[in-house]
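J.: Numbered according to the UniProt record's numbering, the sequence shown spans residues 1 to 154.
My structure is below; once you've seen it, I'll send some questions.
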Amino acid sequence: MSYREGRFWQPDVTVATVVVDGGRLLCVEEHVQGRLVLNQPAGHLEPDETLLDAALRETREETGWDVRLTAFVGAYQWKAPETGRHYLRFAFAAEPVAHDPARPLDEGIVRALWMTPSELRAASDRHRSPLVWQVVADHLAGRRHPLSLVSQLG
1 MSYREGRFWQ PDVTVATVVV DGGRLLCVEE HVQGRLVLNQ PAGHLEPDET
51 LLDAALRETR EETGWDVRLT AFVGAYQWKA PETGRHYLRF AFAAEPVAHD
101 PARPLDEGIV RALWMTPSEL RAASDRHRSP LVWQVVADHL AGRRHPLSLV
151 SQLG
C-alpha cells in the first residue's frame with residue numbers, strides 16, 4: 001500500500017554538520033551493515049528536539065567536539081537503494097569550539113578524524129551515502145543560509 005492509498009510517508013529525519021578547521025573537515029569513521037564508512041557527524045532527530053539542538057548533540061556524541069553552528073547549508077532527500085528507506089537530511093556549517101578526547105563516542109563510531117576535502121572525495125567508495133559529498137560540495141561552493149531559516153519550535 002502506498003502513502004497515496006492511506007499510508008503515511010515517514011522519512012527518517014537526520015541532521016549533519018560540516019565542521020571546518022584549517023581547511024580540514026571533521027569526519028567520522030563508523031561501522032554500518034558490516035562496512036567501515038565515512039560520514040559527517042550526523043544522526044537522527046529525536047522527539048521534542050530542535051534541528052539545531054540535534055546537530056549540536058550528534059556532533060558531540062559522535063566526535064567529542066562541541067561546535068558552534070554558523071549557517072544552514074541545506075535540506076537533502078535520499079532513498080537508500082538497499083533498504084528503500086527515505087532520508088531527509090538537514091545540514092549545517094559549524095566551527096569547532098572545544099574537544100573532550102575522553103568522551104566515549106556513540107556505538108558504531110570507530111573514530112573521529114580530520115580530512116581535507118580532496119582526501120574525503122578520494123574516499124567516495126567509503127561514503128555512507130551520496131549525501132556525504134553533496135553536503136560538502138555545497139558547503140565548499142559557498143552555499144550558506146542564515147540559521148534563522150530553520151524554525152526553532154520546541
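Glycine included, each C-beta is placed from N, C-alpha and C at the ideal position.
All values reported here derive from a predicted model rather than from experimental measurement.
Near Cys-27, which residues of its chain fall below 6 Å by C-beta distance, leaving aside the five closest residues on each side in sequence?
T.: Working through the sequence shown from its first residue, we reach residue 27 at position 27. Leu-38, Leu-113 and Met-115, listed in sequence order.
J.: Excluding the 5 residues preceding and the 5 following His-31 in the sequence, name in chain order all residues of the same chain whose CB lies nearer than 7 Å to its CB.
T.: Here residue 31 corresponds to residue number 31 of the sequence shown, with the count starting at 1. Around His-31: Gly-108 and Val-110.
J.: Going along the chain, which residues of its own chain have a beta-carbon closer than 7 Å to the beta-carbon of Asp-100, five neighbours each way excluded?
T.: Taking the sequence shown and counting its residues from 1, one reaches residue 100 at position 100. If we look at Asp-100 and ignore the five residues flanking it on each side, its Cβ neighbours are Gly-64.
J.: Quick one: is Pro-81 near chain D, going by C-beta distance under 8 Å?
T.: Looking for chain D here will not work: only one protein chain is present.
J.: From which residue to which residue does the alpha helix (DSSP H) around Glu-62 run?
T.: Numbered from 1 along the sequence shown, position 62 holds the residue referred to as residue 62. First-last of the alpha helix (DSSP H) with Glu-62: 51-63.
J.: Could you compute how far the alpha carbon of Ala-102 sits from the alpha carbon of Arg-60?
T.: Translated into the one-based positions of the sequence shown, residue 102 becomes position 102. Translated into the one-based positions of the sequence shown, residue 60 becomes position 60. Those two C-alpha atoms are separated by around 12 Å.
J.: Measure the beta-carbon distance from Val-67 to His-139 and round it to whole angstroms, keeping in mind my assumption that it falls under 8 Å.
T.: Position 67 of the sequence shown holds residue 67. Position 139 of the sequence shown holds residue 139. The Cβ separation is near 14 Å, so there is no contact.
J.: Hey, how far is the Cα of Pro-11 from the Cα of Ser-129?
T.: As a first step, residue 11 must be located in the sequence shown, where it is residue number 11. As a first step, residue 129 must be located in the sequence shown, where it is residue number 129. Cα to Cα, the separation comes out at about 15 Å.
J.: Determine the direct distance from the alpha carbon of Phe-8 to that of Gly-25, and round the result to whole angstroms.
T.: For this step, residue 25 is matched to residue 25 along the sequence shown. For this step, residue 8 is matched to residue 8 along the sequence shown. Looking at the sequence itself, residue 25 is Leu, so the reference to Gly does not match. Leu-25 and Phe-8 have their alpha carbons spaced roughly 37 Å apart.
J.: Please look up how many angstroms separate the CB atoms of Val-19 and Ala-91, rounded, as I've assumed it's under 8 Å.
T.: Numbered from 1 along the sequence shown, position 19 holds the residue referred to as residue 19. Numbered from 1 along the sequence shown, position 91 holds the residue referred to as residue 91. Not quite, the Cβ-Cβ distance comes to about 11 Å (not below 8 Å), so this is no contact.
J.: Using CA coordinates, which residue listed in Leu-131, Arg-121 and His-127 is at the minimum distance from Gln-77?
T.: For the purposes of this step, residue 77 is identified with residue 77 of the sequence shown, where counting begins at 1. Nearest neighbour of Gln-77 by Cα position, chosen from Leu-131, Arg-121 and His-127, turns out to be Leu-131.
J.: When DSSP labels each residue in this structure, what does Glu-46 get in the three-state scheme?
T.: The residue you call residue 46 lines up with position 46 of the sequence shown. Note: Glu-46 maps to coil in three-state DSSP.
J.: Nearest-angstrom Cα distance between His-145 and Gln-33?
T.: Here residue 145 refers to the residue found at position 145 of the sequence shown. Here residue 33 refers to the residue found at position 33 of the sequence shown. Near 34 Å, if we compare the C-alpha coordinates of Gln-33 and His-145.
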